[in-house]
Ligand code: DX5
Ligand code: ZN
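Numbering (our numbering), first residue to last: 1 to 220.
1) Does the beta-carbon of residue 233, which I'm using as the reference point, lie nearer than 7 Å to any heavy atom of ligand 1?
2) Report the partner residues of residue 91 according to the DSSP bridge assignment.
3) Could you give the distance in angstroms between the alpha-carbon of residue 24 and the alpha-carbon of residue 205?
4) Going by DSSP in three states, residue 214 sits in which element: helix, strand or coil?
5) With respect to the beta strand (DSSP E) encompassing residue 137, which residues constitute its N-terminal and C-terminal limits?
6) Taking residue 202 as the reference, give the member of 30, 146 and 3 with the closest Cα.
7) Closer than 6 Å by C-beta to residue 164: which residues in its own chain qualify, once you throw out the five before and the five after it? Chain order, please.
8) Specify, as a first and last residue, the run of the beta strand (DSSP E) that residue 19 falls within.
9) Taking a contact to mean a Cβ-Cβ separation below 8 Å, would you say residue 190 touches residue 158 in this structure?
10) Could you please give the first and the last residue of the uninterrupted beta strand (DSSP E) stretch that includes residue 38?
11) With a threshold of 7 Å, establish whether the CB of residue 229 neighbours any heavy atom of ligand 1.
12) Among 107, 186 and 43, which residue has its Cα nearest to the Cα of residue 78?
13) Among all the DSSP beta bridges, which residues are the ones paired with residue 172?
14) Using the Cβ count rule (16 or more neighbours within 10 Å means buried), how would you classify residue 39?
15) Please report the straight-line C-alpha distance between residue 90 and residue 82, rounded to a whole angstrom.
16) How would you write the range of the alpha helix (DSSP H) that residue 202 sits in, first residue to last?
17) Identify whether residue 154 lies in helix, strand or coil by the three-state DSSP scheme.
18) Does the beta-carbon distance from residue 35 to residue 75 come in below 8 Å?
19) Sorted by chain position, which residues of the same chain lie with C-beta nearer than 6 Å to residue 71's C-beta, five sequence neighbours on each side aside?
20) Regarding residue 9 and ligand 1, is the C-beta to nearest heavy atom distance less than 7 Å?
21) Once DSSP output is grouped into helix, strand and coil, what is the label at residue 13?
22) Three-state secondary structure (DSSP) at residue 196?
23) So what's residue 126 in DSSP terms, helix, strand or just coil?
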């Protein structure tokens, strides 16, 4: 088995109190934070960039792990700024990378772990080809069309997780989008071990319980 981690997405949190919301998630037992960076080009929505990540890092302290999910058209452009702002995992979209192999190397040169995400319409074979030539630290399988929180979980994406797990038994494989206690068992059965969950945790009046339930279900 592999270590299972729960990473709340704060996209649907009260962005006017982002630092406090991040601290609240960590106090509720989050293993890491999933920060959704959107540029309005790669996805039809805009959130925040490295200046905000820098303030979040100041607010939560040095130790919590932050993954920046880069839903941006030029992921090469922000590697250094995000590293300097305190990001630990830099997850770019395969669909947006000019040269994914080189980008993974550049991310690592800046001292971050390299994650590679694929949208629902992207075949897992494209990600497997990349991992064959240049291993990433995290593979992120989108289970919604990126751009917004609160969408429904796309169960057919579990085929991609199963395929990745079969070829890479120890790779960190994440799922992102519409994940909650009602569908976590599909993710567990397919072999995911990094669980991003936004609305299911954010809209709960007991986020600690949701995080605990997700962790118990994924590692059962
Ligand atoms: C969507 C983001 C996801 C999303 C997850 O583009 O990448 O991280 O915020 O939130 P839920 O769990 O509400 O789909
Ligand atoms: Zn995300």
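We treat Cβ as the ideally placed atom computed from N, Cα and C, and that holds for glycine. None of the values given here were measured: they were computed from a predicted structure.
On the basis of the coordinates in this document:
1) Here the chain covers residues 1 to 220 and nothing more, so residue 233 does not appear.
2) Answer by DSSP bridge pairing, in chain order: 69 and 115.
3) Whole-angstrom Cα-Cα distance: 12 Å.
4) Reduced to three states, the DSSP call for residue 214 is helix.
5) For residue 137, there is no enclosing beta strand (DSSP E), as DSSP marks it with neither H nor E.
6) Residue 30 is the option with its Cα nearest to residue 202.
7) Once the five neighbours on either side are set aside, the close Cβ partners of residue 164 are 139 and 173.
8) Not the beta strand (DSSP E): residue 19 falls in the alpha helix (DSSP H), residues 18 to 27.
9) A distance below 8 Å separates the beta carbons of residue 190 and residue 158.
10) Residue range 32 to 38 is occupied by the beta strand (DSSP E) that includes residue 38.
11) One cannot answer for residue 229 here, as it falls past the ends of the chain, which runs 1 to 220.
12) Among 107, 186 and 43, the Cα nearest to that of residue 78 belongs to 107.
13) BP columns for residue 172 point to 138.
14) That one is buried.
15) The straight-line gap separating the alpha-carbon atoms of residue 90 and residue 82 is approximately 8 Å.
16) Segment 199 to 202, the alpha helix (DSSP H) holding residue 202.
17) Coil, per DSSP.
18) It is not a contact, given that the beta carbons lie outside the stated cut-off.
19) Excluding residues up to 5 positions away in sequence, 38, 42, 43 and 146 lie with their Cβ nearer than 6 Å to the Cβ of residue 71 in the same chain.
20) Yes; taking the cut-off as 7 Å, the Cβ of residue 9 has a heavy atom of ligand 1 nearer than that.
21) Under the three-state reduction of DSSP, residue 13 is assigned to coil, being neither helix nor strand.
22) Three-state DSSP puts residue 196 in a strand.
23) Three-state result, residue 126: helix.
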